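Heads up, the sequence shown is in the UniProt record's numbering, so the first residue is 1 and it goes up one at a time. All C-beta atoms, glycine included, are put in the ideal place defined by N, C-alpha and C. From a predicted model like this one, the values you see are computed outputs, not experimental measurements.
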Amino acid sequence: MWDYLLDILGAFGFGPTWCKWIRGTFIYANSSILVNGSPTKEFSSHRGLKQGDPLAPYLFILVMESLHLSFNRAIEEGVFKGILLPGSLHLSHLFYADDAMFLGEWSHTNFHGIVNILKSFYFASGLQINLNKSQLLGVGVPHSDVVNAATLIGCSIMNDSFRYLGVLVGHHSSRLSAWDDTIDKLKGRLSKWKMKTLSIGGRFTLLKSVLGATPIYNMSIFKVPRGILKVMESIRRRFFYGIDPSENKISWVAWNKVLASKNHGGLGISSFFALNRALLLKWIWRFISSDGSLWSKVIQALYGKRIDFHATKFSSIWCSIIRELHQLKDNGFDFWEHCKIRIGNGSTTRFWYDLWIGDMRLYAKFPRLFALDLNKDCSVADKLNNYVELSFRRTVRGGIEQHQMSDLVSMLESIVLSSSNDRWVCGLSNDGDFKVKDIRIFLDHLILPHFESTRWIKAMLLRLTFLLGELVKIASRLG
Numbered sequence: 001m002w003d004y005l006l007d008i009l010g011a012f013g014f015g016p017t018w019c020k021w022i023r024g025t026f027i028y029a030n031s032s033i034l035v036n037g038s039p040t041k042e043f044s045s046h047r048g049l050k051q052g053d054p055l056a057p058y059l060f061i062l063v064m065e066s067l068h069l070s071f072n073r074a075i076e077e078g079v080f081k082g083i084l085l086p087g088s089l090h091l092s093h094l095f096y097a098d099d100a101m102f103l104g105e106w107s108h109t110n111f112h113g114i115v116n117i118l119k120s121f122y123f124a125s126g127l128q129i130n131l132n133k134s135q136l137l138g139v140g141v142p143h144s145d146v147v148n149a150a151t152l153i154g155c156s157i158m159n160d161s162f163r164y165l166g167v168l169v170g171h172h173s174s175r176l177s178a179w180d181d182t183i184d185k186l187k188g189r190l191s192k193w194k195m196k197t198l199s200i201g202g203r204f205t206l207l208k209s210v211l212g213a214t215p216i217y218n219m220s221i222f223k224v225p226r227g228i229l230k231v232m233e234s235i236r237r238r239f240f241y242g243i244d245p246s247e248n249k250i251s252w253v254a255w256n257k258v259l260a261s262k263n264h265g266g267l268g269i270s271s272f273f274a275l276n277r278a279l280l281l282k283w284i285w286r287f288i289s290s291d292g293s294l295w296s297k298v299i300q301a302l303y304g305k306r307i308d309f310h311a312t313k314f315s316s317i318w319c320s321i322i323r324e325l326h327q328l329k330d331n332g333f334d335f336w337e338h339c340k341i342r343i344g345n346g347s348t349t350r351f352w353y354d355l356w357i358g359d360m361r362l363y364a365k366f367p368r369l370f371a372l373d374l375n376k377d378c379s380v381a382d383k384l385n386n387y388v389e390l391s392f393r394r395t396v397r398g399g400i401e402q403h404q405m406s407d408l409v410s411m412l413e414s415i416v417l418s419s420s421n422d423r424w425v426c427g428l429s430n431d432g433d434f435k436v437k438d439i440r441i442f443l444d445h446l447i448l449p450h451f452e453s454t455r456w457i458k459a460m461l462l463r464l465t466f467l468l469g470e471l472v473k474i475a476s477r478l479g
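Printed below as a string of structure tokens:
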């Protein structure tokens with residue numbers, strides 16, 4: 001493998017001196033094994049990369065990059081056929097660290113092709129796929145065909161529901177049973193012995209840390225059903241108040257008040273609902289920001305480039321995110337009201353449809369002019385680099401049309417195009433970048449009740465602060 005790796009480094013443009021240094025780390029480095037805390041006699045390594053070596057992950061990625069290039073070449077030569085999506089986008093393989101997933105048409109040609117490619121890679125690099133840990137999944141294929149293909153390759157059969165990089169794929173996230181692992185992990189983090197040994201201040205600190213730890217991975221991809229959110233909040237509530245699951249105790253403070261921000265009479269723990277929805281909206285932000293990543297290209301190929309035209313009727317993760325975007329709007333939070341484009345060269349911003357100037361889209365602000373335009377999908381650059389009326393089907397007449405034209409020209413006078421790219425900005429943050437925290441705070445402000453601002457006494461314990469606050473509340477009621 002070492003000679004192959006050095007050849008790869010040379011092919012990627014690394015100089016002779018650098019390759020010599022890398023070779024030196026292989027040849028002159030010795031290793032030993034700790035047995036009962038004592039190191040054994042040192043020995044030399046003759047192949048492979050050492051685990052724990054800071055350089056090892058990066059060198060391994062370079063080797064896997066060669067497999068990526070080999071697969072692309074095999075696809076060009078017709079040795080392997082991947083999945084063709086609309087827009088001529090091909091999916092054939094996904095690599096992450098030492099995990100590899102291959103996608104392609106169901107055919108004997110593909111089976112033999114992938115086996116030959118992996119064998120060739122093994123002979124060249126010394127890296128061999130572990131077939132004992134490999135699995136085959138056939139989508140829409142008879143089970144007997146899957147069994148025969150798995151026997152041919154020498155791997156096992158994968159279930160319809162499986163885990164990939166820690167995420168359960170193929171399950172219905174709307175089912176309560178799909179969230180059992182997340183709930184169990186949350187219970188483990190907020191265990192009974194921690195509840196008994198920690199003070200209310202310690203439980204408060206742990207709650208805030210758990211909010212940003214255990215459940216986030218799945219919550220950042222799937223919409224959490226309200227029933228599961230209720231269970232998760234119940235676990236946190238009982239832990240905070242020190243209530244055993246088998247006990248019934250009075251809660252001094254309503255849980256919604258604890259979740260609310262300090263400015264609204266709470267402790268600022270925040271709700272799981274706001275966290276989940278903010279994490280989902282981050283995918284919307286990444287999509288419109290056009291980061292050029294593979295997942296974004298796949299979404300564009302399946303649903304189109306314009307997110308406002310994306311369908312919501314299909315049973316997919318992306319459709320569920322779009323549906324939640326619409327649901328939040330119905331409940332009073334229009335995400336698009338807080339998103340705006342900062343114009344650079346104007347080449348990627350739609351003149352009429354995108355919100356890039358003022359507080360209203362131009363097609364809604366100037367409906368008469370919009371009706372005249374034959375090129376309704378034109379960009380800002382198209383309009384500003386030419387006459388505004390160039391693509392109109394006729395000249396502007398007097399009355400309302402002339403009045404709207406004068407207002408439009410007046411608005412555009414201050415716009416100057418630059419050489420930089422257009423950029424989306426979020427109005428909920430000071431720097432214009434999307435932050436989950438800002439969205440979460442806004443959603444909590446929208447859904448949680450508002451109380452008088454919390455009065456904090458820094459020198460007083462949290463327990464006493466709670467007790468004092470409730471005594472004041474009781475006294476005011478007895479008034």
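Does DSSP classify residue i as helix, strand or coil?
i: I101; result: Here residue 101 is Met; the residue named in the question, Ile, does not match the sequence. Strand, per DSSP.
i: S379; result: strand
i: I153; result: helix
i: D145; result: helix
i: G132; result: Per the sequence presented here, residue 132 reads as Asn, with Gly not at that position. Looking at N132 - three-state DSSP - the assignment turns out to be helix.
i: N159; result: coil
i: residue 524; result: What is shown of the chain runs 1 to 479, which leaves residue 524 out entirely.
i: P16; result: helix
i: H112; result: helix
i: N276; result: helix
i: G10; result: helix
i: W2; result: helix
i: T312; result: coil
i: G202; result: helix
i: S173; result: coil
i: H450; result: coil
i: L328; result: helix
i: V139; result: coil
i: W106; result: coil
i: F335; result: helix
i: L127; result: coil
i: L190; result: coil
i: D181; result: helix
i: K458; result: Note that K458 scores a pLDDT of 48, beneath 50, so its modelled location is shaky; the value from the coordinates is reported in the next line. DSSP places K458 in coil when its eight states are reduced to three.
i: D431; result: coil
Just to confirm before moving on: does the CB-CB distance between residue i and residue j stay below 7 Å?
i: S173; j: F121; result: no
i: I8; j: S66; result: yes
i: S88; j: I75; result: no
i: R440; j: L267; result: no
i: L362; j: F392; result: no
i: G427; j: H326; result: no
i: S296; j: W424; result: no
i: V141; j: L279; result: no
i: L259; j: G332; result: no
i: residue 483; j: L369; result: Given that the chain is displayed from residue 1 to residue 479, the structure contains no residue 483 and the question cannot be resolved.
i: C378; j: F335; result: no
i: S156; j: H171; result: no
i: F80; j: G113; result: yes
i: G346; j: L412; result: no
i: F366; j: L328; result: no
i: R236; j: L207; result: yes
i: S125; j: V63; result: yes
i: G242; j: M195; result: yes
To the nearest whole angstrom, what separates the beta carbons of residue i and residue j, a pair I think is in contact under 8 Å?
i: I415; j: I341; result: So it is not a contact: roughly 12 Å between Cβ atoms.
i: L448; j: S271; result: 7 Å
i: N218; j: V167; result: 7 Å
i: W356; j: V388; result: Between V388 and W356 the Cβ distance is about 15 Å, and since that is not below 8 Å, they are no contact.
i: A301; j: L85; result: 4 Å
i: W179; j: V224; result: 7 Å
i: L443; j: R277; result: 6 Å
i: F273; j: L229; result: 5 Å
i: R189; j: F240; result: That pair is no contact at about 13 Å.
Any beta carbon from chain C within less than 7 Å of residue i's own beta carbon?
i: N385; result: Absence of chain C from the displayed structure is noted, only one protein chain being present.
Any idea which residues DSSP pairs residue i with across the strands?
i: Y164; result: V167
i: K424; result: In the sequence as presented, Lys is not what sits at residue 424; that position holds Trp. BP columns for W424 point to I341.
- beta strand (DSSP E) runs contained entirely in the segment 36-98, provided each spans 3 or more residues: 83-85, 89-91 and 93-96
Complete runs of the alpha helix (DSSP H) confined to the segment 342-417 [at least 4 residues]: 362-365, 367-372, 380-384 and 400-412
Any chance you could list the alpha helix (DSSP H) runs of at least 4 consecutive residues sitting entirely within the segment 217-268, in chain order? 226-241 and 255-259
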